[in-house]
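The sequence shown runs -43 to -1, 1 to 226 under mature numbering (1 follows the signal peptide of the UniProt record, and there is no 0).
One structure is given below, encoded as structure tokens.
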Amino acid sequence: MSMQCKNQNASGRFPSRAPGIVRGMLASLVVAGASLLSLSAQAADYRVGTTTSGMPFTFLDLGSEKIKGFVPDLMDALGEEEHFSYDLVPSRFDALIPAIGSGKIDIIAAPMYITDERKKVVDFTQPIYTYGEGLLQKADDATDYRSLDDLKGKTVGVETGTTFIEILRQRGEVKDIKTYGASADLMRDVALGRVDVGLWDAPILAYQLEKSPNPKLKMAKDYQAQMAGSIGFSVRKGNAETLKKLNDGLDALRQDGRLKALLERWSLR
């Protein structure tokens, strides 16, 4: 921002005889202008809602107090490719869609399945990654879980707001369904026997058991996912401009191999 003033002399300095009040006003304008420029430079283009308890997709790094994982890395790559900035807004999984509906966030970037029901309220990008659920059990549980049929009479823990809940309710065979906001809480309760088994995104369970082995837990090795789906980012219904940016960015990252590299970096194969 440039500001010209006829009261400047050749040296660019204001005459000493200029009234103090004028100098004060000019100084205030300069400060205000600098502040506006600073705010403008800092303002992000998008507010991006995400979770903090889905390692390796998203997790809160306690050392840096920053959200890390595949999702933030992918958002960084998309922002670089499509030339936009963003701020991450941490949220519970079940609060993401209400938040975008109310305008509190602009984009949902989380491991969220693309479903017909969710398509009624948000517009999804192209699929980013496809996977199914995994089944967590106690290490000393000898049951050979292979499908949902083997959960009859069991107390099952699942993530709040996920498709697992409705599918289990429709089957009507489980004893009880308990919901959790974080995978760590589910894993604790399975280890303590508060629930018989846990259903959670298979990549999240596998990654956490690999990075932090728990001798009291194991994944059911013969279990076949019954609720596989694809995840995508999403925007408010009708926000075609932002959706196009995300899809164009995903196309570019997929074509040059950057998306594959990010998936492999976070053990998502």
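All C-beta atoms, glycine included, are put in the ideal place defined by N, C-alpha and C.
For T87 against F50, the beta-carbon gap comes to about 19 angstroms, at or over 8 angstroms, which does not count as contact.
Contact between D80 and V192 holds, since their C-beta atoms are separated by about 5 angstroms, short of 8 angstroms.
The alpha carbon of W223 has as its nearest neighbour, out of G11, Q183 and I64, the alpha carbon of G11. The beta carbon of K109 sits closer than 8 angstroms to the beta carbons of E130 and V131 from its chain, once the five residues preceding and following it are set aside; these are given in chain order. Per the C-alpha coordinates, the member of L225, F121 and K217 positioned closest to A34 is K217. Here K111 has V131, K132, D153 and V154 as same chain residues with Cβ atoms under 7 angstroms from its own Cβ, once five neighbours each way along the sequence are excluded. Boundaries around S140 are those of the alpha helix (DSSP H), S140 to L149, since no beta strand (DSSP E) includes it. Contact between Y137 and T117 holds, since their C-beta atoms are separated by about 6 angstroms, short of 8 angstroms. Nearest Cα to L203 within the set I24, A66, L19 and G20: A66.
Remark: C-beta atoms of L92 and L156 approach each other more closely than 8 angstroms. Remark: C-beta atoms of D63 and Y102 do not approach each other more closely than 8 angstroms.
The closest CA to that of E90, considering only R151, K23, D179 and P29, is found on D179.
Distances from the CA of N171 to each of I188, L149 and R75 were compared; the closest alpha carbon is that of L149.
The beta carbons of E39 and D205 sit about 6 angstroms from each other, so the pair counts as a contact at 8 angstroms.
DSSP places T136 within a strand segment (E or B) once states are collapsed to three. A check of alpha carbon separations from T199 across F41, F14 and D18 identifies F41 as the nearest. In terms of Cα proximity to R145, the closest of R128, P68, K25 and Q165 is Q165. Distance from the Cα of G186 is smallest, within the candidate group P55, P84 and K61, for P84. Within the DSSP secondary-structure output, E90 pairs in a beta bridge with D158.
Under the three-state reduction of DSSP, F81 is assigned to strand.
Taken atom to atom, the span from the alpha-carbon of I122 to that of D98 is near 23 angstroms. Bridge pairing for L225: absent [DSSP].
Secondary structure at Y102: coil, using DSSP grouped into helix, strand and coil. With respect to K168, A96 sits apart: the two C-beta atoms are not nearer than 8 angstroms.
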